[in-house]
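In my numbering, the protein residues as written are 144 to 322. The C-beta atom is built at its ideal place from N, Cα and C for all residues, glycine as well. No experiment lies behind these values; they were computed from the predicted model shown. Below: one structure, written as structure tokens.
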């Protein structure tokens, strides 16, 4: 399938989802549960966005950082740092049967509340995040996650970002070789 055909297929899919009532603007997670070892803290999407954009911590984020001794500046940087990737190429790669090899490390860190269908949810969030502007961030993935609540392993956030960056870099190289 050509790049143009993938673009058309992807746009048609989003159009169909919009027509049948799934609004992609409101699809993302409303709440984020950040886990660090046995510690868990629920944080609203709004508080996560405010923190990522301004560094201002809500009460729950303050408790989380005090309890886990994590560096808020690293978390803030990693949440909003954009990673370039061709959205159509990403969709193409993540729809191969072997894509679980790429998604599995990320799906262990960014999960659904029940840990079921995390890989499928993550696949959708990644593609939606990248299609708009050919880049993605962990914050965008949270915003496009297709459940009302998303769970993040906070103690693995930097590692997750690095894994994501490596995967997207590999996809970019693979895409250039395809052309």
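Let's see if you can read the secondary structure: which residues bound the beta strand (DSSP E) around residue i?
i, result
"residue 263", "Not the beta strand (DSSP E): residue 263 falls in the alpha helix (DSSP H), residues 261-276."
"residue 292", "292-296"
Using the C-alpha atoms, what's the distance from residue j back to residue i?
i, j, result
"residue 292", "residue 177", "11 Å"
"residue 235", "residue 186", "33 Å"
"residue 312", "residue 231", "14 Å"
"residue 309", "residue 282", "17 Å"
"residue 165", "residue 173", "Residue confidence is low: residue 165 scores 38 on pLDDT, short of 50, so the model does not pin down where it sits. No coordinate-derived value is stated."
"residue 299", "residue 229", "25 Å"
"residue 243", "residue 201", "35 Å"
"residue 288", "residue 267", "7 Å"
"residue 195", "residue 217", "10 Å"
"residue 286", "residue 253", "12 Å"
"residue 297", "residue 261", "16 Å"
"residue 204", "residue 215", "9 Å"
By a C-beta neighbour count over all protein chains shown, 10 Å radius and 16 as the cutoff for buried, is residue i buried or exposed?
i, result
"residue 294", "buried"
"residue 305", "exposed"
"residue 191", "buried"
"residue 100", "Since the displayed the chain opens at 144 and closes at 322, residue 100 lies outside it and no answer follows."
"residue 263", "exposed"
"residue 257", "exposed"
"residue 210", "exposed"
"residue 240", "exposed"
With a threshold of 6 Å (Cβ to nearest heavy atom), would residue i be considered close to the ligand NAP?
i, result
"residue 236", "You won't find the ligand NAP in this model; it holds no ligand whatsoever."
DSSP puts residue i in a beta bridge; with which residues?
i, result
"residue 178", "183 and 296"
"residue 254", "294"
"residue 226", "279"
Tell me where the alpha helix (DSSP H) around residue i begins and ends.
i, result
"residue 250", "243-250"
"residue 202", "202-211"
"residue 234", "230-237"
"residue 197", "188-197"
"residue 289", "Per DSSP, residue 289 belongs to no alpha helix (DSSP H) and is neither H nor E."
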